[in-house]
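Trainee: Shown below is the structure under consideration.
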Amino acid sequence: YGETTGRRLFAAAADLTRLAGWTSYDIAAHGLAQRYFVQALRLAQAAGDRPYGSYVLVTMSRQAVYLGHGREAVQLARVAQQGVGSGPPPVVQALLHSAEARGHAVLGEVRAATASLVRAERALGAARPGDDVPHWARL
64 YGETTGRRLF AAAADLTRLA GWTSYDIAAH GLAQRYFVQA LRLAQAAGDR PYGSYVLVTM
124 SRQAVYLGHG REAVQLARVA QQGVGSGPPP VVQALLHSAE ARGHAVLGEV RAATASLVRA
184 ERALGAARPG DDVPHWARL
């Protein structure tokens, strides 16, 4: 198969691996979930899908929030924001900023959480019905 098919296979494997991580998270196997998430991130990179890699990082940030690791959650959300690539749809931007807000909230950083929520709200305000939004960002 060619490069395009290979990238699509890596993307599908990334999605399934992230889901395996989420399933592990659901049964409180957090170490296993983290390993799946890291592998999903590698597969997204192999697929050349920076936006999906950012979504995996948001998933990891959500787990960090659940575990009470606010600083890690903020760092993961910020890496997701930096790694998403150029010009993500406003809905994706909102998702990334809201993940950062949750991390700040866990840390009790009210101003930082509020600032992140304001950025998320502004991004949602810029969203338009015809925007090309990835399936994973359609909330």
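Using my numbering, read the sequence shown as starting at 64 and increasing by one per residue. The C-beta atom is built at its ideal place from N, Cα and C for all residues, glycine as well.
Go through the segment 146-181 residue by residue and report every complete run of the alpha helix (DSSP H) that reaches 4 residues or more, in order.
Mentor: 153-169
Trainee: Does the contact criterion of 3 or more C-beta pairs under 8 Å hold for the segment 83-97 versus the segment 105-115?
Mentor: Here the segment 83-97 makes no contact with the segment 105-115; the two share fewer than three CB pairs at distances below 8 Å.
Trainee: Span of the alpha helix (DSSP H) holding residue 104?
Mentor: 93-110
Trainee: As a quick exercise: from 73, 86, 183 and 74, pick the residue whose alpha carbon is nearest that of residue 152.
Mentor: 183
Trainee: Looking at the unbroken alpha helix (DSSP H) that takes in residue 85, where does it start and where does it end?
Mentor: 66-89
Trainee: Mind reading off the beta-carbon distance from residue 104 to residue 130? Whole number of angstroms is fine, and I expect it under 8 Å.
Mentor: No, residue 104 and residue 130 are not in contact; Cβ-Cβ is about 18 Å, not under 8 Å.
Trainee: Residue 162 and residue 201 - do their beta-carbons sit closer together than 8 Å?
Mentor: no
Trainee: Three-state secondary structure (DSSP) at residue 114?
Mentor: helix
Trainee: Would you check if there are 3 or more beta carbon pairs closer than 8 Å linking the segment 155-169 to the segment 181-196?
Mentor: yes
Trainee: Since residue 146 contacts residue 166 with CB under 8 Å, what's their CB separation in whole angstroms?
Mentor: Their Cβ separation, rounded to whole angstroms, is 16 Å, which puts residue 146 and residue 166 out of contact at 8 Å.
Trainee: Looking at residue 75 and residue 88, is the spacing between their C-beta atoms short of 8 Å?
Mentor: no
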